[in-house]
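So the mapping is simple: this note's numbering equals the position in the sequence shown, first residue as 1, plus 267.
Ideal Cβ placement from N, Cα and C applies to all residues, glycine included.
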Amino acid sequence: GSGMTGGFAYVLDQDNSFVDRVNHELVEIQRISGEAMEAYRNHLQHVLDEYVQETNSEWGRNLSENLDDYLRRFWLVKPKAASLKSLLASTLGSPQ
Numbered sequence: 268g269s270g271m272t273g274g275f276a277y278v279l280d281q282d283n284s285f286v287d288r289v290n291h292e293l294v295e296i297q298r299i300s301g302e303a304m305e306a307y308r309n310h311l312q313h314v315l316d317e318y319v320q321e322t323n324s325e326w327g328r329n330l331s332e333n334l335d336d337y338l339r340r341f342w343l344v345k346p347k348a349a350s351l352k353s354l355l356a357s358t359l360g361s362p363q
């Protein structure tokens, strides 16, 4: 989270060790589940689909096609000062 200035990241935590390695003073983490996080789930799906299209990655394709199976292992990481409600809107509004 060091150096994050208003953005956010998705982290795939395959070995359940991420929570212990996060600097909780600087960032907040949240699972991407539930109705309130549906827009982030859709965004993650879009990011994975774009990645697969650009790289033809088999691992990326596996994640994309089976996202519902992997979703419980993903974390959304954001700076503490950032509002969860405005993060996605500002990301979608900025050129990539």
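Shown here, Lys352 sits in a helix according to DSSP, grouped into three states. The beta carbons of Ser300 and Leu315 sit no closer together than 7 angstroms. Around the CB of Leu279, fewer than 16 other CB atoms lie within 10 Å, so the residue is classed as exposed. The Cβ atoms of Tyr307 and Leu343 sit closer than 7 angstroms to each other.
Between Gln281 and Arg340 a beta carbon distance of about 6 angstroms is seen, short of the 8 angstroms cut, so the two are scored as contacting.
For Glu295, the three-state secondary structure derived from DSSP is strand.
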